[in-house]
Every structure is written in structure tokens, then in C-alpha cells.
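The working numbering puts the first residue of the sequence shown at 3, with every later residue one more than the last.
One structure below.
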Amino acid sequence: MGLFSGMLGGSSLDAILARARRSLAQDDFEEALSAVQKGFLRYPESGVLKDMVLAIRRAQTRAGMSELRDRVQHDQDPEAYERLIALYRGAGMVAEMIRTTETYAEVHANREQPHLLRGEQLLEAFLGDVRARDGREAIDHLVKAASLKPDSVTPRKLLAELYYAIGADRALLGQAAAIERLAGDDEILRPMLDAMREGATPRAGESVDALLARAEVDGALVRDPFTWSGRKRKGAGSPEEEGRVQAGLERLVRVGDAQEAVAIDRTGEVVGEAGEPCATVDGGAADGHEAGAVRGSALAGVARSVARSVKAQVRELDLGAFRSCIVEGPFGVMVVADATSGVVAARGPRGTDPHRLTERLTVAVDGVRGRRAS
3 MGLFSGMLGG SSLDAILARA RRSLAQDDFE EALSAVQKGF LRYPESGVLK DMVLAIRRAQ
63 TRAGMSELRD RVQHDQDPEA YERLIALYRG AGMVAEMIRT TETYAEVHAN REQPHLLRGE
123 QLLEAFLGDV RARDGREAID HLVKAASLKP DSVTPRKLLA ELYYAIGADR ALLGQAAAIE
183 RLAGDDEILR PMLDAMREGA TPRAGESVDA LLARAEVDGA LVRDPFTWSG RKRKGAGSPE
243 EEGRVQAGLE RLVRVGDAQE AVAIDRTGEV VGEAGEPCAT VDGGAADGHE AGAVRGSALA
303 GVARSVARSV KAQVRELDLG AFRSCIVEGP FGVMVVADAT SGVVAARGPR GTDPHRLTER
363 LTVAVDGVRG RRAS
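Quick look at the structure:
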């Protein structure tokens, strides 16, 4: 016991936090994190230590961003642009990521990489929210990237994902042929090419814009490109992914950050639930389904309904993409947020800080800092 106390310096929780704050004030992020990690040995479930980790990570990210922003502003350095975009993405700062990528594409219009980055961002947005404008702009950027670097497979693969998703089979087969020509006998790409071509039925007079518009009206994709694309799916994950999401939700409830939490994939199916359902939350009516028609709690039903209605309003008002929202009532405080797995929601008692709950929820599911409600 004496040795263990010596390892921690006999520190109380307050002393550990004070040491971490001193290091943080001096921008010594490694020492601050080291102090907190030692604190977790003694206080493994401490909420204030978890908050301190988030504060250190934010400060660390801000410091890196500040340096990179200076390089971007003064030197317009492509490497600085790309590192800053990656930091914004990792921190969940979507608006900043988009704005920086668009500036990068304007300043370095003749480089492939900014168009590739922006095209992939727009493709992910389209596959998540099925907005025709996102799809059209993704195509424009990816075609530009492919024209700037004709021997690059990546923009053609991303174009193939989009065409496959909306059923633009003539355009899809054109990209498959180009990829095959560039890749030669690459055995890694062979299964992908076979998957692209399977079931493709090219039609004369195919209009990509019309197919994009149809997908937006239907609110659904014709086919799921994540079955072969190799990129992280924004939808129902693998069994391993579902297990990770379930464990994250259970931990969120176990440590007292939420009373109830749920994760729903892009098809509306529940992929994870934890906590005790609240009797005062009516999920059936809010979701527009008969009671028991869809697996999941009342919270899942409300989350589906809220996400659907708010996403529609965000789209109508041209506010970008849905991120998160807050609902308060006799049941307490509920937050609904966009996530890699689809939509996530959590409920806490009255007086819960909704922004903190959103952050803890998205950390539990995605492992990244959450965004403020919009």
C-alpha cells in the first residue's frame, strides 16, 4: 500500500487536479495528461478527471490549430491546410473544416488534394442526409480531382460509390472501367470492381442530376456502397461496431452521465440501448408507428421523430446538416445528436447540462468530442 501511495505521491483528487491545471496553464500537455492518468489509478470513475482530459485535449488541439492557422494565413502552405483540416475533423468542428477546405480548393485550385478532400466531405454528407446539392457538388469536386491527376484511383472510387448509391449505372460502369485500366492486375481492387458491376443495368439517357433529385425526394439510397467501399460506414455497423456502441452507452449510464441512452442506425433500427425507460416519454405517437411496431424504447421513437423533423427543417432553411438538438419536458432533459452510427439520444434528469450530456454521449459512441446543439 505504501508503494502504491508513493507512486501517486499520496495525492488527493484536488491535488491531482491542481497539478494537472498548473501543467495545462504552462501548455505542458504531456505532463497534464500524465497527472490525470495517474489520478485514474486511484479514482477510475472520477467525472472531474474525465472532464480534465477533455479540457487538455481541447487545449492541445487549439494550440496546434493556432500554429497551423498562422502558416495557412502567411504561407498558404498546402501541408498546413491538410493538417488543419484533419484537426478540425477530429475535433468535430465541421463548419471550420468545410470553410478551410473550400479556401484550400480556391487558393490551390490546380492541386488534386483539396478537391479530393472536399469531394469526400460532400460525399459523406450526401450518403448521410441524401441532399441532391451535396451529391452534385461532390461529383464536381471529384471530377476536378480526377482531371488534375488522371492516374489517381481514389477520386474515381469515390465517384463510383456515389453513382452506385443512386443507381447511376452507366456512369458507375464508366468509373469501374477507368479504375480497372489504372489498377491493372491489382487483386485488392478486383472484388471491389466485381461488386460495382454486379446488378448494374445501364440505361440510355441516364441523368445523374435526376437520380440525385429522386434520391432526395425518396430520402433513401438505391444501393448501399459501404458493402464494398472499404470506408467506415455511416449506418448500421458490423457486429463488432455494434458491440462497441452498446458498451459505450452502458458506460454512459453506469457512471451516471445519463439515465437512458440509445443509438439508431440510418435505417431506423436500434443498434444499442442502455438504462431504464422513462414512463413519461411517449415514443409510439411521436415516431408515427404503432406501439411495438419498431424495436426499441420510447426514447428511440422520440429520437427518430425529432431527428427526422429537425433534419427536414435544417434542410429547408439551408442551415447545412443536422448536428444535435435539445428536448426538455416532464421526463427531464433529452439530447438527440448525429453520429457515425446514425442518430444517438440520451436522457438525464431535470437540471442536466444538455451540452455536457451531448458531449459525453458522442464521446461514448464515436470517441470524439461532441458538438454544441444547433
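Every residue gets a Cβ at the ideal spot worked out from N, C-alpha and C, and that includes glycine.
Since we're looking at a predicted model, the values are computed, not measured.
request  = Would you please verify whether the beta carbon of Arg133 is less than 9 Å from any beta carbon of chain C?
outcome  = Included in the structure is just one protein chain, with no chain C present.
query = With 16 as the cutoff for other CB atoms within 10 Å, does Glu361 come out buried or exposed?
reply = Residue mapping note: residue 361 aligns to position 359 of the sequence shown, counting from 1. Counting Cβ neighbours within 10 Å, Glu361 comes out buried, since at least 16 surround it.
query = Ile190 lies in the beta strand (DSSP E); which residues open and close that run?
reply = Taking the first residue of the sequence shown as 1, we reach residue 190 at position 188. Where Ile190 is concerned, there is no enclosing beta strand (DSSP E), given that its DSSP letter is neither H nor E.
task = Following the continuous alpha helix (DSSP H) through Asp131, name the residue where it begins and the one where it ends.
result = The residue labelled residue 131 in the question sits at position 129 within the sequence shown. 114-131 is the span of the alpha helix (DSSP H), which, as asked, contains Asp131.
key: Within 9 Å, strictly: CB atoms of Ala263 and Ala341   = Here the question's residue 263 lines up with position 261 in the sequence shown. Here the question's residue 341 lines up with position 339 in the sequence shown. Taking 9 Å as the Cβ cut-off, Ala263 and Ala341 do not qualify as a contacting pair.
inquiry  = Considering only their Cβ atoms, is the gap separating Leu174 from Met406 smaller than 9 Å?
reply    = In the structure as shown, the chain starts at 3 and stops at 376, and residue 406 therefore has no counterpart that could be examined.
message = Rounded to whole angstroms, what is the Cα-Cα separation between Leu160 and Trp230?
response = In the sequence shown, the residue the question calls residue 160 occupies position 158. In the sequence shown, the residue the question calls residue 230 occupies position 228. Here the alpha carbon of Leu160 sits roughly 12 Å from the alpha carbon of Trp230.
request  = Could you name the residues of the same chain whose beta carbon sits closer than 6 Å to that of His143, not counting the 5 residues immediately before and after it, in chain order?
outcome  = Residue numbering aside, residue 143 sits at position 141 when the sequence shown is read from its first letter. Exclusion of the five residues before and after His143 leaves His117, Arg120, Gly121 as the residues of its chain whose Cβ lies within less than 6 Å of its Cβ.
query = Taking the runs of the alpha helix (DSSP H) that are 4 residues or longer, which of them lie wholly in the stretch 19-95?
reply = Qualifying alpha helix (DSSP H) stretches, in chain order: 31-44, 49-77, 80-92.
inquiry  = Please tell me whether, using a cut-off of 8 Å, the distance from the CB of Asp30 to the nearest non-hydrogen atom of the ligand PLP is below it.
reply    = No copy of the ligand PLP appears in this structure; indeed no ligand is present at all.
inquiry  = Let me check one thing: in DSSP terms, what residues is Arg135 bridge-paired to?
reply    = One-based indexing of the sequence shown puts residue 135 at position 133. Answer by DSSP bridge pairing: none, since Arg135 is not bridged.
key: Cβ neighbour criterion (16 or more within 10 Å) applied to Ser240   = Position 238 of the sequence shown holds residue 240. The predicted model places Ser240 with a pLDDT of 46, which falls under 50 and marks its position as unreliable; any figure quoted below should be read in that light. Within a 10 Å sphere around the beta-carbon of Ser240 sit fewer than 16 other beta-carbons, which makes this residue exposed.
ask   = CB-CB under 7 Å to Glu182, same chain, minus the five flanking residues each way: which ones, in chain order?
value = Sequence index remark: in the sequence shown, residue 182 carries index 180 (1-based). Cβ neighbours of Glu182 within its own chain (closer than 7 Å, five residues either side excluded): Leu195.
key: Where the alpha helix (DSSP H) containing Gly232 begins and where it ends   = Taking the first residue of the sequence shown as position 1, residue 232 is located at position 230. In the DSSP annotation of this structure, Gly232 is not part of any alpha helix (DSSP H), being labelled neither H nor E.
Three CB pairs or more closer than 8 Å across the stretch 37-57 and the stretch 68-85 = Between the stretch 37-57 and the stretch 68-85, the count of C-beta pairs closer than 8 Å stays below three; the two stretches do not touch.
ask   = I think Ala34 touches Ile58, with their Cβ atoms under 8 Å apart; what is that distance to the nearest whole Å?
value = Within the sequence shown, the letter at position 32 stands for residue 34. Within the sequence shown, the letter at position 56 stands for residue 58. Yes, they are in contact, since the Cβ atoms of Ala34 and Ile58 sit about 5 Å apart, within 8 Å.
task = Decide if Asp220 is buried, meaning its Cβ has at least 16 other Cβ atoms within 10 Å, or exposed.
result = Taking the first residue of the sequence shown as position 1, residue 220 is located at position 218. Answer is exposed; the Cβ neighbour count stays below 16.
key: In DSSP terms, what Gly221 is bridged to   = One-based indexing of the sequence shown puts residue 221 at position 219. Within the DSSP secondary-structure output, Gly221 pairs in no beta bridge.
query = In terms of residues, what are the limits of the beta strand (DSSP E) holding Ala276?
reply = In the sequence shown, residue 276 corresponds to position 274, counting from 1. Residues 272-277.
Identified DSSP bridge partners for Arg349 = Looking up residue 349 in the sequence shown gives position 347. According to DSSP, which records beta bridges pairwise, Arg349 is partnered with Glu262, Met336.
request  = Rounded to whole angstroms, what's the CA-CA distance from Ala93 to Asp16? Just pull it up for me.
outcome  = Position 91 of the sequence shown, counted from the first residue, corresponds to residue 93. Position 14 of the sequence shown, counted from the first residue, corresponds to residue 16. Rounded to whole angstroms, Ala93 to Asp16 spans 28 Å at the Cα level.
request  = Give the secondary structure of Gly250 by DSSP, where H, G and I count as helix, E and B as strand, and everything else as coil.
outcome  = For this step, residue 250 is matched to residue 248 along the sequence shown. Helix.
task = Starting from Gly207, trace the alpha helix (DSSP H) both ways and give me its first and last residue.
result = Here the question's residue 207 lines up with position 205 in the sequence shown. From DSSP, Gly207 is part of no alpha helix (DSSP H); its letter is neither H nor E.
ask   = Relative to the alpha-carbon of Val224, which residue among Glu81, Leu129, Ala180 has its alpha-carbon at the smallest distance?
value = Here residue 224 corresponds to residue number 222 of the sequence shown, with the count starting at 1. The shortest C-alpha to C-alpha distance from Val224 to any of Glu81, Leu129, Ala180 is the one to Leu129.
task = Can you give me the start and stop residues for the alpha helix (DSSP H) that Glu330 sits inside?
result = For the purposes of this step, residue 330 is taken as residue 328 along the sequence shown, with counting starting at 1. Per DSSP, Glu330 lies in no alpha helix (DSSP H) segment; the continuous beta strand (DSSP E) that holds it begins and ends at 326-331.
ask   = How long is the line joining the alpha carbons of Ala97 and Pro80, rounded to whole angstroms?
value = Your numbering for residue 97 matches position 95 in the sequence shown. Your numbering for residue 80 matches position 78 in the sequence shown. For Ala97 and Pro80, the distance between alpha carbons rounds to 19 Å.
task = Thinking Ala167 and Pro227 are a contact (beta carbons under 8 Å), I'd like their distance in whole angstroms, please.
result = Looking up residue 167 in the sequence shown gives position 165. Looking up residue 227 in the sequence shown gives position 225. Right, the Cβ-Cβ distance comes to about 5 Å (below 8 Å), so this counts as a contact.
ask   = Grouping DSSP H, G and I as helix and E and B as strand, with all else coil, what is Ala167?
value = As a working note, residue 167 is residue 165 in the sequence shown. In the structure shown, Ala167 falls within a helical segment according to DSSP collapsed to helix, strand and coil.
task = Identify whether Ala341 lies in helix, strand or coil by the three-state DSSP scheme.
result = Within the sequence shown, the letter at position 339 stands for residue 341. Strand at Ala341.
Val109 burial status per 10 Å Cβ neighbour count (16 or more: buried) = Walking along the sequence shown from the start, residue 109 turns up at place 107. Result: exposed.
request  = Under 6 Å Cβ to Cβ from Arg379, same chain only, skipping five residues before and after it: list those, please.
outcome  = Outside the shown range of the chain, which is 3 to 376, sits residue 379, and nothing can be said about it.
key: Distance between Ala111 and Gly245 (C-alpha atoms, nearest Å)   = For the purposes of this step, residue 245 is taken as residue 243 along the sequence shown, with counting starting at 1. For the purposes of this step, residue 111 is taken as residue 109 along the sequence shown, with counting starting at 1. Gly245 and Ala111 have their C-alpha atoms spaced approximately 43 Å apart.
query = Excluding sequence positions up to five away, which residues of its chain have a Cβ less than 7 Å from the Cβ of Gly201?
reply = To locate residue 201, count along the sequence shown from 1; it is residue 199. Exclusion of the five residues before and after Gly201 leaves no residue of its chain whose Cβ lies closer than 7 Å to its Cβ.
request  = Return the CA-CA distance between Leu184 and Arg64, expressed in angstroms with no decimal places.
outcome  = In the sequence shown, counting from the first residue as 1, residue 184 sits at position 182. In the sequence shown, counting from the first residue as 1, residue 64 sits at position 62. Straight-line measurement puts the Cα of Arg64 at about 41 Å from the Cα of Leu184.
ask   = Which residue from Arg352, Glu278, Ile266, Ala300 puts its Cα closest to that of Thr364?
value = The count along the sequence shown starts at 1 and reaches residue 364 at position 362. Residue Ile266 is the option with its Cα nearest to Thr364.
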